[in-house]
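Colleague:
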Amino acid sequence: MSIFRRGRRGPGRVSVQEAAVRTGHGGADDGGDAVLLDVREPYEWQAGHAPRAVHLPLSALAAGAGLPAHAQALPLVVICRSGNRSRQAAELLVARGSQAVDVIGGMRDWAEAGLPVVDERGRNGTVA
97 MSIFRRGRRG PGRVSVQEAA VRTGHGGADD GGDAVLLDVR EPYEWQAGHA PRAVHLPLSA
157 LAAGAGLPAH AQALPLVVIC RSGNRSRQAA ELLVARGSQA VDVIGGMRDW AEAGLPVVDE
217 RGRNGTVA
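If you're matching positions, the sequence shown starts at 97 in this note's numbering and goes up one per residue.
#1: Would a C-beta distance cut-off of 8 Å place residue 175 and residue 111 closer than the cut-off?
#2: Would you kindly work out how many angstroms separate the C-alpha atoms of residue 49 and residue 160, rounded to a whole number?
#3: Would you grab the beta carbon distance between residue 153 and residue 135 for me? Rounded to a whole angstrom, and I think it's under 8 Å.
#4: Cα-Cα, which of 183, 130, 115 is closest to residue 158?
#5: Which residues in the same chain have their Cβ closer than 6 Å to the Cβ of residue 147, if we skip the five residues on either side of it in sequence?
#6: In terms of alpha-carbon separation, which member of 144, 133, 178 lies closest to residue 156?
#7: Looking at residue 140: is its Cβ nearer than 8 Å to the Cβ of residue 177?
#8: Tell me, to the nearest whole angstrom, how far the beta carbon of residue 202 is from that of residue 179; I am working on the premise that it is less than 8 Å.
#9: With a Cβ-Cβ cutoff of 8 Å, do residue 171 and residue 129 count as a contact?
#10: Cβ of residue 107 within 8 Å of Cβ of residue 209?
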């Protein structure tokens with residue numbers, strides 16, 4: 097069963113481990129086939145985000161901002177700090193025709209799982 101199937105009450109949800117595999121953060125040979133979309137605010141992104149993630153704050157998405165061209169045709173794994181904003185963003189994206197799931201526990205659980213977090217300069221980051 098695909099993790100991108102929509103549930104009865106909205107977009108699907110995935111664990112950080114599933115998100116890491118789908119976005120190529122799960123291991124050395126794992127390229128992933130989805131885009132990790134971080135919907136946190138700029139100060140949160142600058143403090144720490146997953147490498148190769150795409151940044152599009154929920155506020156911009158809700159105001160009608162579109163996805164970057166390279167992310168438009170790919171499945172989306174949406175992440176925020178704890179999982180609340182990513183759920184809202186995934187619902188918006190699914191309503192607009194994208195394949196999207198949100199990450200349970202967000203960047204907090206991502207970091208706690210030992211997955212990579214970098215700051216705006218590519219150094220070790222923190223979850224703000």
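Even for Gly, the Cβ is constructed at its ideal location relative to N, Cα and C.
Modeller: With the structure as the only source:
#1: Taking the first residue of the sequence shown as position 1, residue 175 is located at position 79. Taking the first residue of the sequence shown as position 1, residue 111 is located at position 15. Contact: no.
#2: The first residue shown for the chain is 97 and the last is 224, placing residue 49 beyond what the model contains.
#3: The sequence position of residue 153 within the sequence shown is 57, counting from 1. The sequence position of residue 135 within the sequence shown is 39, counting from 1. With a beta-carbon spacing of about 6 Å, residue 153 and residue 135 fall inside the 8 Å limit used to define contacts.
#4: In the sequence shown, counting from the first residue as 1, residue 158 sits at position 62. With distances taken between CA atoms, residue 158 lies nearest to 183 out of 183, 130, 115.
#5: The residue given as residue 147 occupies position 51 in the sequence shown. Residues of the same chain with a CB within less than 6 Å of the CB of residue 147, apart from the 5 flanking positions on each side, are 212, 214 in chain order.
#6: As a working note, residue 156 is residue 60 in the sequence shown. Comparing Cα-Cα distances from residue 156 to each of 144, 133, 178, the minimum goes to 133.
#7: The residue you call residue 140 lines up with position 44 of the sequence shown. The residue you call residue 177 lines up with position 81 of the sequence shown. In contact: residue 140 and residue 177 (Cβ atoms closer than 8 Å).
#8: Along the sequence shown, one-based indexing puts residue 202 at 106. Along the sequence shown, one-based indexing puts residue 179 at 83. That pair is a contact at about 5 Å.
#9: Numbered from its first residue, the sequence shown carries residue 171 at position 75. Numbered from its first residue, the sequence shown carries residue 129 at position 33. Yes.
#10: Position 11 of the sequence shown, counted from the start, is the residue given in the question as residue 107. Position 113 of the sequence shown, counted from the start, is the residue given in the question as residue 209. Cβ distance not < 8 Å, so residue 107 and residue 209 don't count as in contact.
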